[in-house]
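Protein chains in written order, with my numbering: chain A, 1 to 401; chain B, 402 to 1062.
Even glycine gets a Cβ: it sits at the ideal position worked out from N, Cα and C.
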Amino acid sequence: MLLWVCFAILTAAVVALLLRPLRRADTMPVEPAAADLAVYRDQLRELDAERERGLVIESELESARAEVARRLLKRAGDDKVVASSRDDTTSHPRAQRIYLAVVALLPVVAIGLYLVSGSPHLAGHPYAERQAAEEGASSVVALIAKVEERLREHPEDGRGWDVVAPIYLRLGRFADAAHAFAEANRLEGETVKRLLGFAEATLMAENGIVSEAVRRTALRVLELEPQRIEVGVWLALAKEQDGDLAAAAAGYRELLAKAPEKAQWRSAVAERLDLVTKKLNGENPGTAPKPAAPEAAAGNGGPDAAARDAAPDVAAMSPADRDAFIQSMVERLAARLKDNGKDAEGWIRLARAYKVLGRDQDAANALASARENLADDKAALDQIAKAEQSLDQIGKEQSPQ
Amino acid sequence: MIIEFGHFALILALLVAAAQTIIPAWGAAKRDPRLMAFGEPAAVSQVVLILIAFLALMYAYVVSDFSVANVAANSHSSKPLIYRISGVWGNHEGSMLLWVLILAIFGAAVALFGNNLPAALRANVLSVQSSIALAFLLFILITSNPFERLDPAPLDGRGLNPILQDPALAFHPPFLYMGYVGFSLAFSFAVAALIEGRTDAAWARWVRPWTLLAWMCLTIGIAMGSWWAYYELGWGGWWFWDPVENASFMPWLAGTALLHSALVMEKREALKVWTILLAILTFSLSLMGTFLVRSGVLSSVHAFAVDPGRGVFVLSIMLLFTGGGLALFAYRARDLAQGGIFSPISREGALVLNNVLLTTGCVTVLVGTLYPLALESLTGAKISVGAPYFNMTFVPLMFPLLLAVPLGPLLAWKRADLAAAMQRLIAAGVLALLVMVIAFAVTERGPWLAPFGFAIGVWVMAGALSETAFRIKLGQAPLSESWRRLTNLPRASVGTTLAHFGVGLMVCGIVGTSAYKSEEILLMRPGETKAIAGYELVFRGAAPSKGPNYTEIVGVFDVTRNGNPVTRLEPAKRIYDAPPQPTSEAGIYASWGGDLYAVLGDQQGDGGFAVRLYFHPLVRFIWIGALIMFFGGAISLSDRRLRVGAPQKRSTRAPIGVPAE
C-alpha cells in the first residue's frame, strides 16, 4: 500500500512540475535575434582584445569588423520580421489541451506499464536484513536460555513458564512445552488456553497417543468451557486407543452431530469414524489401529491420541500422587488387555511400565500373555521378542543403581 | 519497495521523455512559447526520475539485495563496498542506466542553464536530446530491465568479473560515458540547427563548452582504460588497437576535430556546415562504439551480455540517429548561410588542416576496425587487423598533424604570416633537433625512426610553450610585464597550451615505450637472478596469501641497481571467490625513466615459476600527458565566456527565480 502511495506522490510531483509553464504568466522567450545580436556585439569587442594579443593582423582587423557588423545589421533586420509574425500565433487553449492530455495520460500509462513489468508484491531482500532475520531466530534461542536460567533459580515463577510454554510448542520442544504449560496451570491457575496448550504439547510429545493426562485435561476444558466440543475428539480417540471401538464410534458420531457445519475438523472426525466402524464390522483396514496423527484443529491447539505414561503432568504431582496415578494407569491398561489381548503394542507398553516400576515378574508375565494371545501373528511375535530384548537392557541399566 | 519505486520512476521517465520529444519541437514549429517551455520542466523531471531509478539500483547493490536479478547476477555479498557501487555499471543493464542518466543530466543542463538561448533553438535541442533518451529508455525497459526481480531470491550473487574489480575500472565507465554522451548534446544542437534551417550566433558558443567537457571526459576515460589494461591484464602493453579500444578512440578523434572546428565557427562563423556534419558524425561514432561493445559483435570484457535481440535494438537506434541526422543534413545543409572568409594561411586554415588529418585518421581506424567484422560476416574469414596496419596508416597521418600543432596557435585569424610564425618557433625547432641527435647518440638499438619521434614530441611540447612565451613577450619585455600578461591571458589560451603540451608528452611516452621496450619471458626458481634494463631482479619465491574476497600466490622479487637495493616487486596470481576466476596482478616499479614490470605466471613442475619481466621506458608520460590534456580542457572550460554560452543580455527576460539586474 505504501508503495502505491509513494508512486502517487512521485507522479503528482512530476505532473506539478510539468504544469509549471502553463501557470507562468510571462512566457516571453528569448528572441533569437536578440541573442544573436548580443553575440555579435561581443565578437566586435573581442576583436580589439585579439588585436592586442596579436591574434589578428592589423590589416585584417577592419575586414573582420566589417564582417561582424554586416551580420549584426542583417540580423537586426530579421528581428522586425520575426517580431511581427509572432503575436497572432500564441494560442493558449491549444497549449492547455496538450498539457492536460499529458497530465491525464502520464499516470494511467505509467501504472499500466508498471503492472506489466513490475513486481509490486515483492519486498526487498537486503542481505543484512536476511542475516538479521537469522540472528533474530537465534535471539529467540538466547531469550529462551535467559528465561530458562531464571526459571531454574525461581521455579515458582508462573509467568515465566507461561511465556516460554507457547514458544517451546512452536519450536517443536513438545515435552518441554507440556511441562511448562503444566507449571503455568499449576502456578497461574487453569485457563482453557493453557489447558489446550498442555494437551496439545503432551499429545505431540507422545506421538499422538491420548494419555490419561490429556483425557483428564480435555474433560477439564469441557468443564470450563462446554462449547469447546472439539476436545471431544481426544476423548473418543482415547476410547479408540483403549480398544473400546463402540464407545469411540459413539463419541465420534456425537461429535459430528454437534459440530458446526464449517468446522475444519469435521472431515477428520468423519474419517476416523469410518475407520472405527469398519473395524467394528470385522474388516481390517490396517494392522493395529495406528494412532491418529494430529488431525482436527481444535481451539488453539490440535487435538489427539493416547498415553504411554503421563510424564509431564505427572512431574507436577507430588510423589505419592504420582505413584498412585501411574498405578491406576497401568491397571487400566492391564484390564483392557485382559478383555482384548490382540494388541501387541499394548502388551509391550504394559511390560515396559511394569519394568519401570520395578515389577519385573509382572513384566515377564505380560510378555508371556502377549505371546499366548498373538500366537498366530508372526509380525507381532517378532515385535515382542525385540521389545523383550530392549526391556532386558533397561533392567541391566537400572540394576547398578 | 525501493527497487519497485526505482522501476516505476524509470517508467515515468520514459513517458516524460516521450512527451518531451514531441511537445517542445511542436511548439517550436508552431511558435507557441508555452509548448516550447514544456522542455524545461520535462528535462528536469527526467533527470530526477532517472536519478531515482539509478540510486534505487545502487541501493540494491549496496545492500546486496539478491531479489533483483541484475544484482544477483553481478554482485556478491563479500565484495568490498566500492566494487558493490561500481558493480552498478559493471554490467550491461546498469551501465545502460548510467548512460541515460548522463544523457538526462546533459539535457537538464541545457534546460537549466540555457536561459539565454533562443527559445526555439532550446526547444528543438531538448526535443532531440529527449528522443535519444527515449530510444535508450525503451531499449532498457524492453530488453535489459535492471529491475527484474527473482522470487525466491538466491542466497548470494554470482559476483562481478574479478578483473573489473579495480579502482581504475570503477571510474573508467562513468568518464567514458560522459564523453560518449556529452557528444549527444553537440548532435542535438546540430539537428536542432538543421530543423530550423539556420544556425544562431550563439550556436557554436553553446556547442563548444559541451564538446570540450565531453572531450575531456573521453580523454581521461580512455586513458584510465588504457592504464587499467596495462597493469591489470598483465600483457605489458598500454594500447592494442583492439576493436573495443578503437570504438572509444574514433569518437575521440572526431570529437577532437569537432572541438577545433567549433572554435572556428564560434570566432568567425566559418566552417558551419562542416561543424554540423562533424557533430552528427561524432555522436554517431559514439553510438557505434556503444553498439560494437554492447551487441556481442566483438568479444571482449565489455561485451557483458551477448544477446542478439539487444544487438539488433542498438543497431536500430544507431541507424535511426545516424541515418536521420545525415538525411536531415543532406536535405538542409545548403540552406545554412556561409560565414567568414579566410585565406589558406591563417588560423582558420590551420584548423581545417587539423580537421582533415584527424578525420582521415578516424576513417583509417574505422576501416581497420570494421573491415575484419564485415569480412567475417560476408565470407566467414577471420582476419585480425592489428598494430602493423595502424602503424602503416594512422601513424603517418599523425606526423604532419603533430608538426603543424605548434604553428596553429601562432597564426592569426583570417590571414597570417607563416614566416613570422615559423620564426617564433626557432627555439623549439632547435631543441627538437638537439633531442634527436642525442637520441641517436645514446641509443644503440631500436628503430631508426624513434629519434625522429622524440624530436616531434619535443617539438610539440616546446612549440606549445613558445606560443605562450610569445604572447606574454617573455624575454622581450621586463619580467613584470610578462607576468602581467601571463595573468591576463584568457584561460582558453592557457588551456590550449596545456593540452598541446600534453599531446607532446604523450608522443614522447609512446615513442619511448614502443621503441625501447625490453622484455624477458623465462622460468625462474627461487634464488635465481635476472638482469633487465640495468636492474637485477632476485626471485625470492612465492607464497600463498588471502585477500577480502580472493586467495593469491604472491611472488617476491628483490630489485637492485648496481648493487643498491631499489624496491621489492610483488606480482600475484589471484583466484577470486565469486566467480572463481584467476587474474594476474602485475608488480610495477615506476620511475621517471620507465616502469619495471613483473608478471608471475604458472608454477612449473620443479618449483620454478614462469615469469615475464618488462621494462617500459617513459610509459608514464602517456597517462601524464592525457592527464595534462584533461586539465588543459578543464582550465579552458573555466573561461567565463564559455560557461554561459552567450554574454548576459539586459534587454531580455532574466532567468527564472533570479531577480532582474
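Cα-Cα separation between residue i and residue j, rounded to whole angstroms
{"i": "Ile403 of chain B", "j": "Val449 of chain B", "result": "15 Å"}
{"i": "Arg20 of chain A", "j": "Pro891 of chain B", "result": "40 Å"}
{"i": "Arg71 of chain A", "j": "Tyr732 of chain B", "result": "24 Å"}
{"i": "Glu190 of chain A", "j": "Leu196 of chain A", "result": "10 Å"}
{"i": "Thr897 of chain B", "j": "Leu55 of chain A", "result": "14 Å"}
{"i": "Ala305 of chain A", "j": "Leu333 of chain A", "result": "Low confidence applies to Ala305 of chain A: its pLDDT is 34, below 50, so where it sits in the model is not reliable enough to give any reading."}
{"i": "Val955 of chain B", "j": "Ala630 of chain B", "result": "20 Å"}
{"i": "Tyr252 of chain A", "j": "Arg194 of chain A", "result": "25 Å"}
{"i": "Arg272 of chain A", "j": "Ala249 of chain A", "result": "8 Å"}
{"i": "Leu61 of chain A", "j": "Arg669 of chain B", "result": "12 Å"}
{"i": "Ala16 of chain A", "j": "Ser687 of chain B", "result": "35 Å"}
{"i": "Ala991 of chain B", "j": "Ile911 of chain B", "result": "16 Å"}
{"i": "Ile167 of chain A", "j": "Glu223 of chain A", "result": "27 Å"}
{"i": "Ile1023 of chain B", "j": "Cys6 of chain A", "result": "50 Å"}
{"i": "Ala829 of chain B", "j": "Ala788 of chain B", "result": "31 Å"}
{"i": "Val895 of chain B", "j": "Ala38 of chain A", "result": "26 Å"}
{"i": "Gly158 of chain A", "j": "Ala165 of chain A", "result": "10 Å"}
{"i": "Ala402 of chain A", "j": "Leu337 of chain A", "result": "Any answer about residue 402 of chain A is impossible in this case: the structure gives chain A only from 1 up to 401."}
Those residues which DSSP pairs with residue i across a bridge
{"i": "Trp4 of chain A", "result": "Looking at the DSSP assignment, Trp4 of chain A forms no beta bridge with any residue, so it has no partner."}
{"i": "Thr897 of chain B", "result": "Beta-bridge pairing links Thr897 of chain B to no other residue."}
{"i": "Lys974 of chain B", "result": "B:Ile954, B:Ser985"}
{"i": "Thr968 of chain B", "result": "B:Val960"}
{"i": "Gln389 of chain A", "result": "Gln389 of chain A pairs with nothing; no bridge assigned."}
{"i": "Ile922 of chain B", "result": "B:Arg1013"}
{"i": "Thr914 of chain B", "result": "The partner list for Thr914 of chain B (beta bridge, DSSP) is empty, contrary to what the question assumes."}
{"i": "Ser946 of chain B", "result": "B:Glu953"}
{"i": "Glu937 of chain B", "result": "B:Ala932, B:Thr961"}
{"i": "Trp814 of chain B", "result": "A:Val56"}
{"i": "Pro1018 of chain B", "result": "B:Gly995"}
{"i": "Val1000 of chain B", "result": "B:Arg1013"}
{"i": "Tyr990 of chain B", "result": "B:Leu997"}
{"i": "Leu875 of chain B", "result": "B:Ala878"}
{"i": "Val469 of chain B", "result": "B:Arg550"}
Proximal chain B residues relative to residue i, where beta-carbon distance stays under 8 Å
{"i": "Val56 of chain A", "result": "Ala813, Trp814, Lys815"}
{"i": "Glu60 of chain A", "result": "Ala813, Trp814, Lys815, Arg816"}
{"i": "Val109 of chain A", "result": "Leu416"}
{"i": "Asp36 of chain A", "result": "Pro519, Asp601, Ala602, Ala603"}
Interface partners of residue i on chain A, CB under 8 Å
{"i": "Ser531 of chain B", "result": "Residues of chain A passing the Cβ test: none, with the nearest at roughly 13 Å."}
{"i": "Arg550 of chain B", "result": "Ser119, Leu122"}
{"i": "Asn755 of chain B", "result": "Those within 8 Å of Asn755 of chain B in chain A number zero; the least Cβ separation is about 17 Å."}
{"i": "Asp466 of chain B", "result": "Gly124, His125, Pro126, Tyr127"}
{"i": "Ala606 of chain B", "result": "For clarity, residue 606 of chain B is Arg in the given sequence; the question names Ala instead. Near Arg606 of chain B (Cβ distances below 8 Å), the residues of chain A are Val39."}
Amino acids of chain B, ordered along the chain, whose beta-carbon sits closer than 9 Å to that of residue i
{"i": "Leu44 of chain A", "result": "Ordered by position in chain B, no residue passes the 9 Å Cβ test against Leu44 of chain A, which lies about 12 Å from the chain."}
{"i": "Thr11 of chain A", "result": "Phe409, Leu413"}
Closer than 9 Å at the beta carbon, the chain A residues around residue i
{"i": "Ala511 of chain B", "result": "Residue identity differs from the one stated: residue 511 of chain B is Val in this sequence, not Ala. Going along chain A, no residue has its Cβ under 9 Å from Val511 of chain B, so there is no contact; the nearest lies around 13 Å."}
{"i": "Glu749 of chain B", "result": "Going along chain A, no residue has its Cβ under 9 Å from Glu749 of chain B, so there is no contact; the nearest lies around 11 Å."}
Closer than 7 Å at the beta carbon, the chain A residues around residue i
{"i": "Ser478 of chain B", "result": "Tyr127"}
{"i": "Ile404 of chain B", "result": "Gly124"}
{"i": "Ile596 of chain B", "result": "Ordered by position in chain A, no residue passes the 7 Å Cβ test against Ile596 of chain B, which lies about 13 Å from the chain."}
{"i": "Ser1089 of chain B", "result": "With chain B represented from 402 up to 1062, any question about residue 1089 of chain B goes unanswered, as that position is not in the structure."}
Distance cut-off 8 Å: residue i Cβ against heavy atoms of the ligand GDP
{"i": "Trp265 of chain A", "result": "Among the ligands in the structure shown, none appear at all, so the ligand GDP cannot be discussed."}
Interface residues of chain B facing residue i [CB-CB closer than 7 Å]
{"i": "Ile98 of chain A", "result": "Ile424, Leu436"}
{"i": "Arg53 of chain A", "result": "Arg872"}
Is there contact here, the region 378 to 389 of chain A with the region 514 to 531 of chain B, by at least three beta-carbon pairs under 8 Å?
-> no
In chain order, which alpha helix (DSSP H) runs of at least 4 residues are fully inside the region 185 to 214 of chain A?
-> 192 to 205
Validate contact between the region 1006 to 1016 of chain B and the region 593 to 603 of chain B using beta carbons, cut 8 Å, 3 pairs | no
Are three or more beta carbon pairs between the region 671 to 683 of chain B and the region 645 to 658 of chain B nearer than 8 Å?
-> yes
Flag this pair as touching only if the region 480 to 499 of chain B and the region 427 to 446 of chain B have three or more C-beta atom pairs under 8 Å; answer yes or no.
-> no
Is it a yes or a no for the region 998 to 1008 of chain B touching the region 878 to 889 of chain B, going by three-plus beta-carbon pairs under 8 Å?
-> no
Should the region 437 to 455 of chain B be regarded as contacting the region 411 to 421 of chain B, the criterion being three or more beta carbon pairs within less than 8 Å?
-> yes
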